[in-house]
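Undergrad: Please see the structure below; I have some questions.
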Amino acid sequence: IVLRSEGLEPSFCSDGDKAIDAFRDSKPDVVLLDVMLPGKDGIEICRQIRAESGVPIIMLTARTDTVDVVLALETGADDYVMKPFKAKELVARIRARIRRFEPETVEMLNIGDLVIDVAGHSVRRDGVGIMLTPLEFDLLLCLAKSPRQVFSREALLEQVWGYKHAADTRLVNVHVQRLRSKIEHDPEAPDIVVTVRGVGYKAGGV
Numbered sequence: 001i002v003l004r005s006e007g008l009e010p011s012f013c014s015d016g017d018k019a020i021d022a023f024r025d026s027k028p029d030v031v032l033l034d035v036m037l038p039g040k041d042g043i044e045i046c047r048q049i050r051a052e053s054g055v056p057i058i059m060l061t062a063r064t065d066t067v068d069v070v071l072a073l074e075t076g077a078d079d080y081v082m083k084p085f086k087a088k089e090l091v092a093r094i095r096a097r098i099r100r101f102e103p104e105t106v107e108m109l110n111i112g113d114l115v116i117d118v119a120g121h122s123v124r125r126d127g128v129g130i131m132l133t134p135l136e137f138d139l140l141l142c143l144a145k146s147p148r149q150v151f152s153r154e155a156l157l158e159q160v161w162g163y164k165h166a167a168d169t170r171l172v173n174v175h176v177q178r179l180r181s182k183i184e185h186d187p188e189a190p191d192i193v194v195t196v197r198g199v200g201y202k203a204g205g206v
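Number 52 in this note's numbering belongs to position 52 of the sequence shown; there are no gaps in the numbering.
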């Protein structure tokens, strides 16, 4: 009822074993996924969805499920909301993930040996595409647009995730690791997304 009143059209599935088929049938703009489901749990469903789609995934977790939060993020979730939550908070998280961006004035950006097609929402190296989720692309673009700026984790949470208040900086750490695994020649010695110890992250290779 709350989602519909906000102009969103939800499709429900309460059986983990049927969730993947429901996802393929409904082709949603964003997935809300409870960690605790009968049949397959939310972590396994998240893993399967991420294997075939970059659709934004928001996990719903209990306050005590800190291990599940980390596991969900490492599996591919973009964000999470802890239960119990306020309806306004959930709607804000959904809108942050499906928001429509203002047209960019810059069409192409380079970071290291990567070429970012801003309008096309794609990243290439030597003409070969690199598959990123929308959130991973937003994170890379945020850094690439300000190559000399060091971003704190809190600043990235605001600019990439849309948080307006203090939030879990693990979101940033896990997604930086995932991004590095896709774009760095050596993720253990990154030169595109660089850590500035004690501060945050910046674009390297520029």
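We put the CB at the ideal spot given by N, CA and C, even for glycine. Keep in mind it's a predicted model, so treat the numbers as computed, not measured.
Any chance the region 28 to 39 sits against the region 8 to 17, with 3 or more Cβ pairs inside 8 Å?
TA: As far as the Cβ criterion goes, the region 28 to 39 touches the region 8 to 17, which means the pair count is three or higher.
Undergrad: Would residue 175 and residue 136 qualify as a contact pair, given that the criterion is a beta-carbon distance under 8 Å?
TA: In contact: residue 175 and residue 136 (Cβ atoms closer than 8 Å).
Undergrad: Just list the beta strand (DSSP E) runs in the region 70 to 135, keeping only unbroken ones of 3 residues or longer that don't cross its boundaries, in chain order.
TA: List check, beta strand (DSSP E) in window: 79 to 83, 108 to 111, 114 to 117, 122 to 125 and 128 to 130.
Undergrad: Label residue 58 either buried or exposed according to how many other C-beta atoms from any shown protein chain fall within 10 Å of its C-beta, with 16 as the threshold for buried.
TA: Flag for residue 58 reads buried.
Undergrad: Using the three-state DSSP reduction, which class does residue 57 fall into: helix, strand or coil?
TA: Strand.
Undergrad: Using 8 Å as the cut-off, can you tell me whether the region 151 to 161 makes contact with the region 196 to 205, which would need three or more C-beta pairs spanning the two stretches below that distance?
TA: At 8 Å Cβ cutoff, the stretches touch.
Undergrad: Below 8 Å, how does it come out for the region 154 to 168 and the region 123 to 131: are there three or more Cβ pairs, yes or no?
TA: Touching, no, given that fewer than three Cβ pairs across the two stretches are closer than 8 Å.
Undergrad: Is it right to say residue 66 is buried, meaning 16 or more other beta carbons lie within 10 angstroms of its own, or is it exposed?
TA: By the neighbour-count rule (16 or more Cβ atoms within 10 Å), residue 66 is not buried but exposed.
Undergrad: Starting from the C-beta of residue 75, find all residues in its chain whose C-beta is less than 8 Å away, skip the five residues before and the five after it, and write them out in chain order.
TA: Correct list, in chain order: 43, 46, 47 and 50.
Undergrad: Keeping to the same chain, check which residues put their C-beta closer than 8 Å to that of residue 71; ignore five residues upstream and five downstream.
TA: Taken in chain order, the residues that qualify are 43.
Undergrad: State buried or exposed for residue 4, treating a residue as buried only when at least 16 other CB atoms are found within 10 Å of its CB.
TA: Flag for residue 4 reads exposed.
Undergrad: Should residue 138 go down as buried or exposed, given a rule of 16 or more other Cβ atoms within 10 Å for buried?
TA: Classification for residue 138: buried.
Undergrad: Tell me the residue span of the beta strand (DSSP E) that contains residue 203.
TA: Where residue 203 is concerned, the enclosing beta strand (DSSP E) stretches over 200 to 203.
Undergrad: Give me the Cα-Cα distance between residue 86 and residue 92, rounded to the nearest whole angstrom.
TA: Distance between the alpha carbons of residue 86 and residue 92 is about 10 Å.
Undergrad: Is it the case that the Cβ atoms of residue 134 and residue 54 are separated by a distance below 8 Å?
TA: Contact: yes.
Undergrad: Around the C-beta of residue 2, are 16 or more other C-beta atoms found within 10 angstroms, so that it is buried, or is it exposed?
TA: It counts as exposed.
Undergrad: For residue 10, count neighbouring Cβ atoms within 10 angstroms of its own Cβ and tell me buried if that reaches 16, exposed if not.
TA: Exposed is the call here.
Undergrad: Is residue 195 helix, strand or coil by DSSP?
TA: If DSSP states are grouped into helix, strand and coil, residue 195 belongs with the strands.
Undergrad: Taking the straight line between their C-alpha atoms, what separation do you get for residue 183 and residue 115?
TA: If you take the alpha carbons of residue 183 and residue 115, they lie about 11 Å apart.
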